[in-house]
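Order-wise, the sequence lines are chains A and B.
Here the first sequence is numbered in the numbering used here, starting from 115 and rising by one per residue.
Here the second sequence is numbered in the numbering used here, starting from 386 and rising by one per residue.
Just so you know, even glycine gets a beta-carbon here, dropped at the ideal spot from N, CA and C.
Accompanying notes for the structure given below.
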Amino acid sequence: AQKITQTQPGMFVQEKEAVTLDCTYDTSDPSYGLFWYKQPSSGEMIFLIYQGSYDQQNATEGRYSLNFQKARKSANLVISASQLGDSAMYFCAMREGGTGGFKTIFGAGTRLFVKA
Amino acid sequence: DGGITQSPKYLFRKEGQNVTLSCEQNLNHDAMYWYRQDPGQGLRLIYYSQIVNDFQKGDIAEGYSVSREKKESFPLTVTSAQKNPTAFYLCASTPGNELNTEAFFGQGTRLTVV
Numbered sequence: 115a116q117k118i119t120q121t122q123p124g125m126f127v128q129e130k131e132a133v134t135l136d137c138t139y140d141t142s143d144p145s146y147g148l149f150w151y152k153q154p155s156s157g158e159m160i161f162l163i164y165q166g167s168y169d170q171q172n173a174t175e176g177r178y179s180l181n182f183q184k185a186r187k188s189a190n191l192v193i194s195a196s197q198l199g200d201s202a203m204y205f206c207a208m209r210e211g212g213t214g215g216f217k218t219i220f221g222a223g224t225r226l227f228v229k230a
Numbered sequence: 386d387g388g389i390t391q392s393p394k395y396l397f398r399k400e401g402q403n404v405t406l407s408c409e410q411n412l413n414h415d416a417m418y419w420y421r422q423d424p425g426q427g428l429r430l431i432y433y434s435q436i437v438n439d440f441q442k443g444d445i446a447e448g449y450s451v452s453r454e455k456k457e458s459f460p461l462t463v464t465s466a467q468k469n470p471t472a473f474y475l476c477a478s479t480p481g482n483e484l485n486t487e488a489f490f491g492q493g494t495r496l497t498v499v
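Have a look at this one:
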């Protein structure tokens, strides 16, 4: 079963506006970490933000914030004041432990297009 | 500067050949990972290693092999058994077994079967 679901293959946003990228996850483990990464066309992976399963407050990092709704198992990324340089692929990821040790799994990604 | 180095950046393979992708890190991280990315898609876990001389299969290990003889090195071999190897391969590392640590990635290797 898919553990990380990103239902928006592509999103458009006007420059300077806010955009929300959706992510839902599935796990039975009470301890897990949620991450968002950005992948520009160059292919590098850039870490954006982290949310722990026990964190009471939503994580924020500059223009990025994570809307964490634990009961709904969602971890949406909000980008405020979009910039042209925000155009990229965005991946939601979950880190959890298991018999083989800790691993990070990724969703299919959302491609964000910022319009001038 | 600390980081992860993948080589080569581009690799061409003839059908039926094995090829090895290199991944070296100088971050002193215990855990290392290999992911495959197909065009427009997410990252799928091939293999991961939490410690030297130990590794685990990920979701798509068939047709691939790895070794972890040194802490800083985690090479991936794409064997002839992998029927559709053309993809972008990313190597990553994390310090160890913590939940709150992001993965550090290399620049990737783009493999094409010719």
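| query | result |
| --- | --- |
| Taking the alpha carbon of L396 (chain B) as the reference point, which residue from B:G387, B:L406 and B:T486 has its own alpha carbon closest? | B:L406 |
| So G124 (chain A) is in the beta strand (DSSP E); what residue range does that whole segment cover? | G124 to Q128 |
| Mind checking if A189 (chain A) is an interface residue toward chain B, Cβ cutoff 7 Å exclusive? | no |
| Output the boundary residues of the beta strand (DSSP E) element that contains R225 (chain A). | T224 to K229 |
| Please confirm if T397 (chain B) has its CB atom under 7 Å from at least one CB of chain A. | Note on residue identity: the sequence assigns Phe, not Thr, to residue 397 (chain B). It does not: the Cβ of F397 (chain B) has no partner Cβ on chain A nearer than 7 Å. |
| If you scan the stretch 441-476 of chain B from start to end, which runs of the beta strand (DSSP E) of 3 or more residues do you find wholly inside it? | 449-451 and 461-463 |
| So, under 8 Å CB-CB, N485 (chain B) and G215 (chain A) are touching, yes? Tell me the CB distance rounded to an integer number of Å. | Between G215 (chain A) and N485 (chain B) the Cβ distance is about 15 Å, and since that is not below 8 Å, they are no contact. |
| What's the call for E487 (chain B), buried or exposed, on a 16-neighbour Cβ count within 10 Å? | buried |
| Is the separation between the beta-carbon of T119 (chain A) and that of T138 (chain A) shorter than 7 Å? | yes |
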